[in-house]
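J.: Chains as they are written, first to last, in this note's numbering: chain A, 24 to 169; chain B, 24 to 169.
Protein chains: 2
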Amino acid sequence: MVAASADTARGAELAHNASFLLARASAVASQRDNRALAPLGLKVRSFSVLALALDAQPPTQREIAEFLRLDPSQVVALVDDLESRGIVARETDARDRRAKVVAVTDAGRALYAEARELVADVTTHLDAADASAFLRSVEQLAFEEE
Amino acid sequence: MVAASADTARGAELAHNASFLLARASAVASQRDNRALAPLGLKVRSFSVLALALDAQPPTQREIAEFLRLDPSQVVALVDDLESRGIVARETDARDRRAKVVAVTDAGRALYAEARELVADVTTHLDAADASAFLRSVEQLAFEEE
DNA sequence: TATTGTTATACTCTATAACTATA
DNA sequence: TATAGTTATAGAGTATAACAATA
Chain A
24 MVAASADTAR GAELAHNASF LLARASAVAS QRDNRALAPL GLKVRSFSVL
74 ALALDAQPPT QREIAEFLRL DPSQVVALVD DLESRGIVAR ETDARDRRAK
124 VVAVTDAGRA LYAEARELVA DVTTHLDAAD ASAFLRSVEQ LAFEEE
Chain B
24 MVAASADTAR GAELAHNASF LLARASAVAS QRDNRALAPL GLKVRSFSVL
74 ALALDAQPPT QREIAEFLRL DPSQVVALVD DLESRGIVAR ETDARDRRAK
124 VVAVTDAGRA LYAEARELVA DVTTHLDAAD ASAFLRSVEQ LAFEEE
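Structure follows, in structure tokens:
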């Protein structure tokens, strides 16, 4: 595969198209991480839910859905899976009994520690000088207003 | 939505996770571009095929599949759509009569010029100082070896 | 009346295997 | 024997609407 930089190379018109570059980079990264996490029975999605449940203030399913840009109904299935395996537990939110807070169990905490070792640190794949600018930028794009 | 930078904020554990950040940024970007392209009957996918067909050396379907990380069978459907609308045309590759080269028609060239105006320039959404490092990095990640 | 989680459903996207024509 | 495109199909992911419990 040839890089998309030179004007005469394959994909010259796409070389600076954000949607294309992000889609391809995202596919590469999540495919790699899904493979790495497979031995633990996790995917990037379920790993992300687990990571969110570790927040100092555990999130409701609604908050998980917004943060991961998923439909609330998709979060149901993800939490169902993690809960059935004893990795997280649903707890009724004391402040709003409609909402369910997703809390990590001790087993979940241990699993996360293992999983974190398996997912790639993006900066190891980048020129060191560009890494911090990349993280700033991708976070900026990820959390843009609609 | 709160940014994922501070250690006590929502998503602290995910703030530097490449798969998550890239997936979210990719979702934001392609959703925006899909909306922008809708009036022309294009999506990011079909726009990308059209852009590739504009290469100095028009690509075969196989080359399009590799570049966009799609299965060849998905490219069939995308080219079917574009061809039925007179935007591209399949031509048997003279050097290998199994392969089909995807060439842009004059109508396709005109449509692409319109479409290119509609898709967002990523750099307008970034801190100017970070933009070039971001493009270098995301391209590096997008075209990493498996 | 509005919102959270849930279920059901349809739609799109993705992955796989088989077929044909060429190599 | 292997490869490019095609077709069919099944699985995963996504989007929408409706419902019960709660606000």
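Built from N, CA and C at the ideal position, the CB exists for glycine as well. Since the model is a prediction, treat every value here as computed from it, not as a measurement.
Smallest Cα separation from D153/B: which of H148/A, T146/A, V161/A?
T.: V161/A
J.: Exposed or buried, which one is F64/B when buried takes at least 16 other CB atoms within 10 Å?
T.: Going by the sequence as given, residue 64/B is Gly instead of Phe. A residue is called buried when at least 16 other Cβ atoms come within 10 angstroms of its Cβ; G64/B does not meet this threshold and is exposed.
J.: Rank R33/B, F43/B, A74/B by C-alpha distance to the C-alpha of V142/B and give the top, closest one.
T.: When only C-alpha atoms are compared, the closest one is A74/B.
J.: Quick check on the burial criterion: 16 or more other C-beta atoms within 10 angstroms. Buried or exposed for G131/A?
T.: buried
J.: When the distance is taken between beta carbons, is S42/B closer than 8 Å to A52/A?
T.: yes
J.: Using a Cβ-Cβ distance under 8 Å, would F157/A count as near chain B?
T.: For F157/A, the closest Cβ of chain B is nearer than 8 Å.
J.: Report the neighbours of A41/A on chain B: residues whose CB is nearer than 7 Å to its CB, in chain order.
T.: A52, A143, V145
J.: Please list, in chain order, all residues of the same chain as S28/B whose beta carbon is under 8 Å from its beta carbon, the five residues on each side excluded.
T.: Note that S28/B scores a pLDDT of 46, beneath 50, so its modelled location is shaky and nothing firm can be said.
J.: Buried or exposed: which applies to E137/B, given that a residue is buried once 16 or more other Cβ atoms fall within 10 Å of its Cβ?
T.: exposed
J.: With 16 as the cutoff for other CB atoms within 10 Å, does G34/B come out buried or exposed?
T.: Buried: at least 16 other Cβ atoms inside 10 Å.
J.: According to DSSP, A126/B sits in a beta bridge with which residue or residues?
T.: A112/B
J.: Measure the alpha-carbon distance for I87/B versus Q80/A and round it to whole angstroms.
T.: Between I87/B and Q80/A, the C-alpha separation is close to 45 Å.
J.: So, at 8 Å on beta carbons, what are the nonlocal neighbours of A170/B in its own chain, with the 5 sequence-adjacent residues on each side left out?
T.: Residue 170/B is absent from the model: chain B starts at 24 and stops at 169.
J.: Per DSSP, which one or two residues make a beta bridge with T31/B?
T.: Among the bridge pairs identified by DSSP, T31/B is matched with none.
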